[in-house]
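Okay, so here's the structure we're looking at.
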Amino acid sequence: MPRKPFLSGVWVVVLTEQSKDFVRPFLLRRSGVRGRVAHLNETVNDVLSRQDYPEAVARLVGEALLVCALVASGFKLRHRFSLQIKTDGEVRLIMAEYTTDGTMRAYASFDDAARLIPMEQAHNLLGRGTMAMIIDHGPGTEPYQGIVPLSGGDIAESVQEYFGQSDQIPTSIRVAMAQQIEPDNSYMASGILVQHLPGEGGHDGHDEDDFVAADAIMHTIHDSELCDVGFDANGLLYKLFHEHEVAVLDDAPVCFGCSCSHQRIADAIRLYDKEGIAELEDAQMIDASCQFCGHVYEFSGGELKAE
Ligand SMILES: [Zn+2]
3 MPRKPFLSGV
13 WVVVLTEQSK
23 DFVRPFLLRR
33 SGVRGRVAHL
43 NETVNDVLSR
53 QDYPEAVARL
63 VGEALLVCAL
73 VASGFKLRHR
83 FSLQIKTDGE
93 VRLIMAEYTT
103 DGTMRAYASF
113 DDAARLIPME
123 QAHNLLGRGT
133 MAMIIDHGPG
143 TEPYQGIVPL
153 SGGDIAESVQ
163 EYFGQSDQIP
173 TSIRVAMAQQ
183 IEPDNSYMAS
193 GILVQHLPGE
203 GGHDGHDEDD
213 FVAADAIMHT
223 IHDSELCDVG
233 FDANGLLYKL
243 FHEHEVAVLD
253 DAPVCFGCSC
263 SHQRIADAIR
273 LYDKEGIAEL
283 EDAQMIDASC
293 QFCGHVYEFS
303 GGELKAE
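Following this note's numbering from start to finish, the sequence shown increments by one per residue and tops out at 309.
Quick look at the structure:
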């Protein structure tokens, strides 16, 4: 990938194709503050095109994907990171997943009443509930799960509180999503995260002050800066953090991808609908679609009854 010098000797990756989605890590060289920018326009549009979500639900799914990408890419993952939100509101469940191959997927289940809520009031759809962050290192390992209450219906805020309280890693997150009515109703979705990692760089005794300064800068970001048609991640980082000597590291590319299969969907039906399967005739055929990608699979009663 071509590179060019940037900010007095710091090197940055120059993307040749601007439309590709990415998570871009960065660091503020004069402090123990690290961060990431996630740009997910294509991923979010791909995910949302597969289900008929009301606009407010679509916004929540987009925000969940952004938060998931920003958080997941900070772990030393071996397989998959999932964000799982359960509430007693009109949106009952949101799942967002990031896999180490850079694929993401998401879905939401919701009541019809969610269709009456405009995009601007999306957070009202999340009632009281919990948010789980699940790290799955793959077959043969036990997933690690951290759970926090959902703070005021805000996904990003809940993650901030989790890191601040459970892991004592001060974290600041901004995500934004907007829909372009012209020309094609497509969505724009980007977000940014900064974290204070004690002991990594910085000046002795000034680490916390550096994070407080970075957090204050994060609060100056307007949604329109994250959802601009010509979104320029490096330009935004320079504008925000040039006095902190921001340096940009290599991108992790991201795109939509679903790991469903005939076998996995059959296993899920066997797990969640034992009574329904018992009532099927062996020769009877049923359809079931993947909640993430919408792909339709066909099964016979006999196949589902056989383990
Ligand atoms: Zn699928």
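Heads up, the beta-carbon is just placed ideally off N, CA and C, and yes, glycines get one too. Bear in mind that the values here come from a model prediction, so they are computed numbers and not experimental data.
(request) Output yes or no for whether 7 Å exceeds the beta carbon distance between VAL35 and PHE165. (result) Not a contact, by the Cβ cut-off of 7 Å.
(request) Determine the contact status of ALA158 and LEU228, defining contact as a CB-CB distance below 7 Å. (result) With contacts defined as CB atoms closer than 7 Å, ALA158 and LEU228 fail to qualify as a contacting pair.
(request) Compare the Cα-Cα distances from GLY37 to each of GLN182, PRO145, ASP103 and HIS246 and report the closest residue. (result) HIS246
(message) Whole angstroms are fine: how far does the CA of ALA74 sit from the CA of PHE83?
(response) PHE83 and ALA74 have their C-alpha atoms some 6 Å from each other.
(request) Tell me SER188's beta-bridge partners as DSSP assigns them. (result) SER188 pairs with nothing; no bridge assigned.
(request) Write down the C-beta distance between ILE175 and LEU72 rounded to the nearest angstrom, noting that I regard them as a contact closer than 8 Å. (result) 6 Å
(message) Considering Cα atoms alone, identify which of ASP211, GLY232 and HIS244 is closest to ALA191.
(response) GLY232
(message) For ALA308 and VAL298, what's the separation of their Cα atoms in angstroms?
(response) 20 Å
(message) Mapping the DSSP letters down to three states, classify LEU306 as helix, strand or coil.
(response) helix
(message) Considering only DSSP beta bridges, list what HIS41 is partnered with.
(response) PHE24 and SER192
(message) LEU30 and VAL248 - do their beta-carbons sit closer together than 7 Å?
(response) yes
(request) Give a yes or no on contact between the region 103-114 and the region 61-71, applying the rule of three or more CB pairs nearer than 8 Å. (result) yes
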